[in-house]
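Notes to accompany the following structure.
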Amino acid sequence: MVRLSSATLCAALVAASAASAHINHVKRQASPTSTFTGTLAPSVSAIVATISSGEGNPTATQALYSTAIPGAANPQITNAPPLPDASQIPNSDFPTLDQVPPTNSPQVQKWIQGIDWSKVPNVTATVDSASCSGNPTQLAAAGADGNCWWTCGGCTRDTDITTCPTKNTWGLSYDDGPSPYTPQLLDYLNEHNLKSTFFVVGSRVLSRPAMLQLEYEAGHQISVHTWSHNALTTLTNEQIVAELGWTREVIRRVIGVTPNTMRPPYGDIDDRVRAISNQMGLTPIIWTTAPGGGNYDTNDWKIGAGTVSAAEVVVTFENIIKSAPQLDTGYIVLAHDLYQQSVELATEVVLPFALNMTPKQNLMPIVEALDNRHQVLLGRHVERKGQHHLGRQLDALLVQIVRQHNIARV
Numbered sequence: 007m008v009r010l011s012s013a014t015l016c017a018a019l020v021a022a023s024a025a026s027a028h029i030n031h032v033k034r035q036a037s038p039t040s041t042f043t044g045t046l047a048p049s050v051s052a053i054v055a056t057i058s059s060g061e062g063n064p065t066a067t068q069a070l071y072s073t074a075i076p077g078a079a080n081p082q083i084t085n086a087p088p089l090p091d092a093s094q095i096p097n098s099d100f101p102t103l104d105q106v107p108p109t110n111s112p113q114v115q116k117w118i119q120g121i122d123w124s125k126v127p128n129v130t131a132t133v134d135s136a137s138c139s140g141n142p143t144q145l146a147a148a149g150a151d152g153n154c155w156w157t158c159g160g161c162t163r164d165t166d167i168t169t170c171p172t173k174n175t176w177g178l179s180y181d182d183g184p185s186p187y188t189p190q191l192l193d194y195l196n197e198h199n200l201k202s203t204f205f206v207v208g209s210r211v212l213s214r215p216a217m218l219q220l221e222y223e224a225g226h227q228i229s230v231h232t233w234s235h236n237a238l239t240t241l242t243n244e245q246i247v248a249e250l251g252w253t254r255e256v257i258r259r260v261i262g263v264t265p266n267t268m269r270p271p272y273g274d275i276d277d278r279v280r281a282i283s284n285q286m287g288l289t290p291i292i293w294t295t296a297p298g299g300g301n302y303d304t305n306d307w308k309i310g311a312g313t314v315s316a317a318e319v320v321v322t323f324e325n326i327i328k329s330a331p332q333l334d335t336g337y338i339v340l341a342h343d344l345y346q347q348s349v350e351l352a353t354e355v356v357l358p359f360a361l362n363m364t365p366k367q368n369l370m371p372i373v374e375a376l377d378n379r380h381q382v383l384l385g386r387h388v389e390r391k392g393q394h395h396l397g398r399q400l401d402a403l404l405v406q407i408v409r410q411h412n413i414a415r416v
């Protein structure tokens, strides 16, 4: 019989709790389970037949293909600061895992004081897990002439990143990790020399710092995906600051650099959340909505809730990737590394399909897929080459200046 250490058991329980919370949100928001009636290629059908929907039976965490060395400099980034020793980061320095952080701590109060609240619109928080039906007032003002609430209508602002400028370019990204299944995805990406953007949950970073360090050292882009993965429009202003601030901070403590982009869980963002994010130096990144309303969401996040099947996810992805050449731009797709099924689909079906597609699709981290102006603005993190000493306030000031002169557009 295999004996697990208390630390391993604790990490497994935390992961199960996080996945369960995500699944419960999906069940509240999603349509009833449907049955797939389409057809797939025999080779794909054989793979999909082994992937069941629902929570499944979690497997043990796979070993990482490499381990980052504390004190080493990231070979992918010129003048990168030394990698911290993650084993020396006390959990007690951070809030309770998977809970909205308290707002009365000195650190959060400092972040709150750094916000110019006169620039944050007075938008009422949503309720009912940010559902459209449960928020008729916000729904009525969800458009571009109102609060620009993405959840109900797909509204975005020019300051949001939603596409990649170059045709047939996929800004590759995965949300909600690091998870027990992330090593499998990292193996595949490493074997095929692919880089991605990882939108990480702060609680998962604290639980699995070695995974984040390997992602960073391997050249992947690291971005904020909140501390507890709650829908941000349901939170108070101060709670939004705490969610973003603590995630940004734990990333900095683990890899030594500070991210400057974010993705709101479930895409749930409005002008209030947007203003707070931008003032904290975090540019929002949302997945692509094609002309006509097609949403570049694989729906792999619904597999764990049992509301879609693996076959349905494959067909959704095929429709996305086959429509990509008709776009005038490149695209960003929503996918996840939280669930075993999602990672299996990514490594066994989705990524192989994309790599063998004609016309050729160029897969890369979102930051690398942006045009030169955005790359100069964002880089990969706040501490860009030669700017470690400038700090976050100057970086945020640069963001504001560039946007005011309309040169930070995708």
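Residue numbers (the working numbering): 7 to 416.
Beta carbons: idealized from backbone N, C-alpha and C, even for Gly.
Going straight from the alpha carbon of residue i to that of residue j, what length do you get?
i	j	result
T296	S348	In the sequence under discussion, the amino acid at residue 296 is Ala, which differs from the Thr named in the question. So the two alpha carbons sit approximately 23 Å from each other.
G60	G310	4 Å
E249	L241	9 Å
L195	P371	12 Å
F42	P112	At F42 the pLDDT is 46, less than 50, meaning the model places this residue with poor confidence and gives no usable figure here.
K33	A78	Note that K33 has pLDDT 45, beneath the 50 cutoff, so the model's placement of it is unreliable and the number below is only indicative. In a straight line, the C-alpha of K33 is about 43 Å away from that of A78.
D134	G336	34 Å
S234	P142	26 Å
G300	T169	13 Å
G177	T267	14 Å
A216	K201	18 Å
D166	W293	10 Å
D164	N284	12 Å
T253	A55	37 Å
V206	E389	19 Å
Q68	L191	10 Å
N243	R386	26 Å
P331	A150	28 Å
A224	E350	21 Å
V129	D303	27 Å
E255	D277	24 Å
N174	P358	16 Å
F323	E197	22 Å
I75	Y222	12 Å
V356	V320	7 Å
I275	A52	39 Å
I121	V279	12 Å
P189	W307	18 Å
G287	P81	25 Å
K116	Q367	44 Å
W156	Q219	32 Å
G140	T203	33 Å
Helix, strand or coil: which one does DSSP assign to residue i?
i	result
A316	helix
T239	helix
N301	strand
D134	helix
P189	helix
T73	coil
L344	coil
T289	strand
T295	strand
I95	coil
P101	coil
P88	strand
I327	helix
Starting from residue i, follow the beta strand (DSSP E) in both directions and report where the run begins and ends.
i	result
M370	368-371
V206	203-206
For the alpha helix (DSSP H) that contains residue i, what are its first and last residues?
i	result
A79	Where A79 is concerned, there is no enclosing alpha helix (DSSP H), given that its DSSP letter is neither H nor E.
F359	357-361
Q115	112-119
S51	48-54
Is residue i near the ligand GDP - that is, is its Cβ less than 7 Å away from at least one heavy atom of it?
i	result
G152	Inclusion of the ligand GDP in the displayed structure is not the case, the ligand content being empty and no account of it being possible.
Is the stretch 341-349 in contact with the stretch 184-200, if contact means three or more CB pairs nearer than 8 Å? Cβ pair count under 8 Å is three or more, so yes.
Every unbroken alpha helix (DSSP H) within the stretch 218-286, with a cutoff of 4 residues, ordered by chain: 243-261, 277-285
Just to confirm the assignment: which complete beta strand (DSSP E) runs, minimum length 3, are found wholly within the stretch 122-185? 175-181
Flag this pair as touching only if the stretch 244-264 and the stretch 79-94 have three or more C-beta atom pairs under 8 Å; answer yes or no. yes
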